[in-house]
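**Q** The numbering used here puts the first residue of the sequence shown at 92, with every later residue one more than the last.
Beta carbons: idealized from backbone N, C-alpha and C, even for Gly.
In this text, all values refer to a predicted model and were calculated from it rather than measured experimentally.
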Amino acid sequence: MIDKKTLVVGMGRSGRAAAEALLEAGASVCVQDSKPDGGIDSEFARYLADKNVKTYFGEKPEDVSQFDLLVLSPGVPPSVDFIEEAREGGAEIIGELELAYRLCRGSFIAITGTNGKTTTTTLVGEIYKAAGRKTVVGGNIGRAIAAEAMGASEDTWMVTETSSFQLETIKDFKPDISAILNLTPDHMDRHKTMENYGRAKAAVFMNQTPEQYCVLNFDDKECFELAEREGCRARVVPFSRNCEPEFGAFAKAGNIVIKDERGRETIICGTDELKIPGSHNLENALAAAAIAYFGGISPEVIGNTLKEFAGVEHRIELCCKKNGVRFVNDSKGTNTDAAIKAIEAMKENIILIAGGYDKGSTYDEFIDAFDGRVKELILMGVTAPKIGEAAERKGFTHITMAEDMEDCVKKAFAIAKPGDVVLLSPACASWDMYDNFEQRGDHFKECALKL
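1) Quick one: grab the DSSP three-state call for Met249.
2) Note down, in chain order, each residue of its chain lying with its Cβ closer than 6 angstroms to the Cβ of Thr275, except the 5 sequence neighbours on either side.
3) Start and end of the alpha helix (DSSP H) containing Cys538?
4) Report the partner residues of Ser133 according to the DSSP bridge assignment.
5) Mind reading off the beta-carbon distance from Leu365 to Leu397? Whole number of angstroms is fine, and I expect it under 8 angstroms.
6) Starting from the C-beta of Met437, find all residues in its chain whose C-beta is less than 8 angstroms away, skip the five residues before and the five after it, and write them out in chain order.
7) Can you tell me whether Asp124 is buried or exposed, with buried defined as 16 or more other CB within 10 angstroms of its CB?
8) How big is the Cα-Cα spacing for Phe199 and Ile490?
9) For Gln123, which residues does DSSP report across the bridge?
10) Quick check on this structure: which residue in Ala108, Asp533, Asn414, Glu179 has the alpha carbon closest to the alpha carbon of Asp154?
11) Do Val162 and Gly186 have their CB atoms nearer than 9 angstroms?
12) By Cβ distance, which residues of its chain are closer than 6 angstroms to Arg531, with the 5 residues on each side in sequence left out?
13) DSSP three-state call for Gly361: helix, strand or coil?
14) Name the two residues that bound the continuous alpha helix (DSSP H) containing Tyr288.
15) Taking just the CA atoms, how far does Asp495 sit from Ala210?
16) Which runs of the beta strand (DSSP E) fall wholly inside the region 404-442 and span at least 3 residues, in chain order?
17) Quick one: using the 10 Å Cβ neighbour count with 16 as the cut-off for buried, is Arg332 buried or exposed?
18) Among the residues of its own chain, which have a CB less than 7 angstroms from the CB of Ile458, if the five just before and after it don't count?
19) Express the C-alpha separation of Cys411 and Leu160 in angstroms, rounding to a whole number.
20) Who are the near neighbours of Tyr147 in its chain, counting only those whose CB is closer than 6 angstroms to its CB and skipping five residues on each side?
21) Among Ala108, Thr213, Ala539, Asn287, which has the Cα closest to the Cα of Val416?
22) Opposite Cys323 in the DSSP bridges: which residues?
23) Less than 9 angstroms separating the beta-carbons of Glu259 and Ile232?
24) Does the beta-carbon of Asp267 have 16 or more other beta-carbons within 10 angstroms, so that it is buried, or is it exposed?
25) Give the secondary structure of Lys450 by DSSP, where H, G and I count as helix, E and B as strand, and everything else as coil.
26) Using C-beta distances below 7 angstroms, list every residue in its chain close to Gly424, excluding the 5 sequence neighbours before and after it, in chain order.
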């Protein structure tokens with residue numbers, strides 16, 4: 092791979108990490124981005140210049156036949172015309188995750204699903220660290236996994252959050268343990284159908300072998316049936332909060348329980364000992380417990396970490412309290428299912444801030460989840476009219492339009508009463524107004540703290 096002439100497409104976080112890893116490995120590298128300046132800062136621009144890297148910023152390569160390998164950032168669809176042209180010309184097309192796997196000597200845990208990926212990945216990473224394992228947490232969260240690949244040793248565990256976009260471009264990627272947490276409509280603007288979306292997620296277990304494990308949500312029919320439909324060869328480990336499978340992780344009599352291959356049950360901890368709120372977080376804890384247990388971590392370490400874990404930033408994160416009103420940042424709620432789970436986790440009356448970039452979602456179920464507990468819906472971004480129309484069709488008329496985040500927070504605070512919660516859970520991506528959901532969440536917190 093190092094002797095191939097490579098084009099890295101997309102200069103976001105993943106693309107930069109891929110370019111740096113390839114250059115460190117001694118490869119011949121060019122880079123491309125649709126933005127005229129590649130969207131990169133001056134320091135990285137100097138780095139590329141010092142390495143004599145040819146850049147195609149705001150333009151396509153004039154001759155893609157010169158490249159043996161294209162490495163795509165997750166946000167770049169493989170259907171882009173010059174990428175298709177390169178493929179037809181014999182170039183290999185992979186993504187940053189596949190590149191990291193090829194460069195890395197460590198073992199991989201890969202966690203995907205529509206929702207819960209960040210919480211579960213972070214939690215698994217904390218469990219592995221508590222067990223004394225050399226652990227790197229990355230992928231779709233934190234640092235791009237390619238940035239960590241070259242420095243990993245054979246005893247390193249790469250605990251990786253993997254998105255459908257990353258999994259579209261794998262070939263050899265084979266995690267020791269994979270997990271699909273759930274499957275609900277998301278990214279329909281790119282995948283078009285649920286069948287395509289499910290197939291992209293199922294790629295996480297595509298190369299696994301019978302001695303490896305795949306952790307699947309037994310309560311989610313679409314998710315669990317992927318194993319049979321897409322030919323999973325790994326040992327399937329179910330997790331469930333609603334019933335007791337013959338094998339796997341489940342909630343029973345107020346406890347998180349693991350049942351191993353021999354049918355022996357082990358209590359990990361009490362469900363009421365979890366600090367992270369909501370039934371969806373019980374599912375995340377069950378999945379993390381299953382991954383860690385079948386990865387060889389002791390029940391004591393798993394249980395202690397579950398009881399100590401307080402959650403992740405931007406996911407049902409309490410950021411402040413003003414005049415008896417709580418402000419909760421759920422900017423990670425980038426689709427309707429995630430936002431529904433955040434609404435269900437709140438015990439107070441809600442003033443809900445939503446809206447953003449349209450991923451081709453529908454909003455009827457989102458509005459149905461209000462269930463008398465959302466007092467006011469405050470909307471911003473390009474989807475504001477679409478969500479507002481859906482709400483009105485459903486008979487919900489307590490709707491306020493806002494110009495930006497600061498306007499949303501001010502209007503929410505004016506409406507809220509002591510004991511209410513102002514919840515940012517947009518049910519949309521952030522790309523119409525922000526670079527990412529983290530930037531959006533940070534702005535919400537900044538606006539709330541300034542009140």
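**A** Let's see:
1) The answer is strand: DSSP assigns Met249 an E or B state.
2) Excluding sequence neighbours, Thr275 sits near Thr205, Asp428.
3) The continuous alpha helix (DSSP H) containing Cys538 extends over residues 528-541.
4) Residue pairing by DSSP places Ser133 opposite no residue, since no beta bridge is assigned to it.
5) Leu397 and Leu365 do touch by the CB rule: their CB atoms are close to 6 angstroms apart, below 8 angstroms.
6) Excluding positions up to five away in sequence, the list reads Val419, Arg464, Val512, Leu514.
7) Looking at its Cβ environment, which holds 16 or more other Cβ atoms inside 10 Å, Asp124 is buried.
8) Going from the Cα of Phe199 to the Cα of Ile490 covers about 46 angstroms.
9) Val100, Tyr147.
10) Measuring C-alpha to C-alpha distances from Asp154 to each of Ala108, Asp533, Asn414, Glu179 identifies Glu179 as the nearest.
11) Their beta carbons are under 9 angstroms apart, which means Val162 touches Gly186 by this criterion.
12) These residues qualify, in order along the chain: Ser422, Ser521, Tyr525.
13) DSSP places Gly361 in strand when its eight states are reduced to three.
14) Here the alpha helix (DSSP H) through Tyr288 covers 285-293.
15) For clarity, residue 210 is Thr in the given sequence; the question names Ala instead. Cα to Cα, Thr210 sits roughly 28 angstroms from Asp495.
16) With a minimum length of 3 residues, the unbroken runs of beta strand (DSSP E) contained wholly in the region 404-442 fall at 408-413, 416-420.
17) Answer is buried; the Cβ neighbour count reaches 16.
18) The beta carbon of Ile458 sits closer than 7 angstroms to those of Ala481, Ala482, Lys485, Phe487, all from its chain and outside the five residues before and after it, given in chain order.
19) In this structure, the CA atom of Leu160 is about 48 angstroms from the CA atom of Cys411.
20) Its chain contains Gln123 as the residues whose beta carbon lies nearer than 6 angstroms to that of Tyr147, once the 5 sequence neighbours on both sides are disregarded; these appear in chain order.
21) Checking every option, the nearest Cα to that of Val416 belongs to Ala539.
22) DSSP output for Cys323 lists no bridge partner at all.
23) Cβ atoms of Glu259 and Ile232: not closer than 9 angstroms.
24) It is buried - the Cβ of Asp267 has at least 16 other Cβ atoms within 10 Å.
25) Here Lys450 sits in coil by DSSP.
26) Within the same chain, Gly424 has close Cβ partners Ala430, Ala433, Ser516, Pro517, Ala518.
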